[in-house]
Amino acid sequence: MENRVLGKKIGMLRKSKKLTSEKLADLCGVYPGHIRQIESGVRLPSLKLLINICNVLQVSPEYLLSQELIKIEQNEYADDMYGSVLKKINKLTPDELSMLDSFLETYLGKVESIKNLN
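Each residue of the sequence shown is one higher than the one before, counting from 55 in the numbering used here.
Pasting the structure below:
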């Protein structure tokens, strides 16, 4: 696993828990700069620190380390889906394409509204 991938995951989880890097560092017993270096991919956490981070963020080390594999699988699935959708779009007439564009604008607006409610 690349340092920056692990660091990015830690940063995303930290932010989702509404924690600052300073607070995470305090809860883990390290300096804030240490957490920032991990999140930026400059360094890897020790095993002890990784476990502390997992405990604070309420995730298992396995979850944190295995996400890269899941992401690769999701990207492969997404690539397959994009290809399938693009084949269908290429068969549309200009009028059908315009209707699809309008539908997508409406749909994405509703999805955004739902996200904002959460």
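Every residue, glycine too, gets a C-beta built ideally from N, C-alpha and C.
Could you give the residue range of the alpha helix (DSSP H) that holds residue i?
i      : result
Lys145 : Looking at the DSSP string, Lys145 is not in any alpha helix (DSSP H), and its letter there is neither H nor E.
Ser173 : Nothing about residue 173 can be read from this structure; the chain reaches only from 55 to 172.
Let me make sure I understand the geometry here. Which of the options has the alpha-carbon closest to that of residue i?
i      : options                          : result
Gln91  : Tyr117, Pro115 and Gly61         : Gly61
Ile64  : Lys77, Tyr85 and Ile107          : Ile107
Leu119 : Leu98, Tyr161, Ser138 and Tyr136 : Leu98
Pro86  : Ser94, Ser75 and Gly95           : Ser75
So for residue i, helix, strand or coil by DSSP?
i      : result
Lys63  : helix
Glu171 : The residue you asked about is not Glu; residue 171 is Leu in the sequence shown. If DSSP states are grouped into helix, strand and coil, Leu171 belongs with the helices.
Arg97  : coil
Tyr136 : helix
Gln91  : helix
Lys72  : coil
Ser156 : helix
Glu165 : Note that residue 165 is Val in the sequence shown here, rather than Glu. Correct three-state label for Val165: helix.
Tyr85  : coil
Leu114 : The displayed chain sequence assigns Ser, not Leu, to residue 114. Looking at Ser114 - three-state DSSP - the assignment turns out to be coil, as it is neither helix nor strand.
With 16 other CB atoms within 10 Å as the buried threshold, where does residue i fall?
i      : result
Leu67  : buried
Ile89  : buried
Ser100 : exposed
Leu111 : buried
Lys78  : Checking the displayed sequence, the identity of residue 78 turns out to be Leu instead of Lys. When all chains shown are included, Leu78 counts as buried.
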